[in-house]
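Below you'll find the structure, written out as structure tokens, and then a few comments.
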Amino acid sequence: MKIRKIKKNKQTCDVGDWLYSDTVKDHFFKPQNLLLDEAGYEADGLGIVGSPACGDMMAVWIKIGEGNRISECKWRTFGCASAIASTSMMSVIATEKGGMLLERAKRLTPEYIIERLGGLPDRKYHCSVLGHMALREAIKDFETNHGRNKKNKI
Ligand code: FES
21 MKIRKIKKNK QTCDVGDWLY SDTVKDHFFK PQNLLLDEAG YEADGLGIVG SPACGDMMAV
81 WIKIGEGNRI SECKWRTFGC ASAIASTSMM SVIATEKGGM LLERAKRLTP EYIIERLGGL
141 PDRKYHCSVL GHMALREAIK DFETNHGRNK KNKI
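For what it's worth, our numbering labels the leading residue of the sequence shown as 21, then goes sequentially.
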């Protein structure tokens, strides 16, 4: 069988720039804290954002526990592998070590998420902002409503 070589031109990507770390692949193939069906899930805050760059959507649901810490962080996206891996990692960071304080979670950066993923291709940076933006929206939603209206609808 003859393997056709892909020639580089303006229409093709240089695959060398698209290498993903093992951590990215792990979070893409086994996403953490994914919420496939929000029916019956009562969150304290819900954040929804979309990316103007590619039209993808992200939803994040949070529960707030003792001392204003994030006790649960669930999410779902219609996005690419980088968006899935970034948001999975964001949800782990937000809930590890007893849960992130809300004030600290508001300052979580895409750069830190990318660092924890072992890097992302430069052109995929915009995919990593969706999760943390949706997290900020969910925190804003919680602070506005103080969990009065339990959320589960997108
Ligand atoms: S290309 Fe749209 S989120 Fe990655």
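Each residue gets a CB set at the ideal place from its N, CA and C atoms; glycine is no exception.
### Task
Answer with buried or exposed for P130, where buried requires no fewer than 16 other C-beta atoms within 10 angstroms of its C-beta.
buried
### Message
Here's the rule: buried if 16 or more other CB atoms are within 10 angstroms of the residue's CB, otherwise exposed. What is H152?
### Response
buried
### Task
Identify every residue that forms a DSSP beta bridge with C93.
I82
### Identity of the residue in H146, C93 and L121 nearest Q52 by Cα
C93
### Query
Taking 8 Å as the cut-off, is the CB of D76 close to at least one heavy atom of the ligand FES?
yes
### Query
When the distance is taken between beta carbons, is S148 closer than 9 Å to S106?
yes
### Query
Roughly how far, in whole angstroms, is the beta-carbon of A103 from the beta-carbon of D76, given that I think they are within contact range, below 8 Å?
6 Å
### Query
Nearest to W231 by CA position, among V80, N88 and E86, is which residue?
Residue 231 lies beyond the stretch modelled for the chain, which goes from 21 to 174, so this question has no answer here.
#### Entry: For L155, the first and last residue of its enclosing alpha helix (DSSP H)
Segment Y145 to N165, the alpha helix (DSSP H) holding L155.
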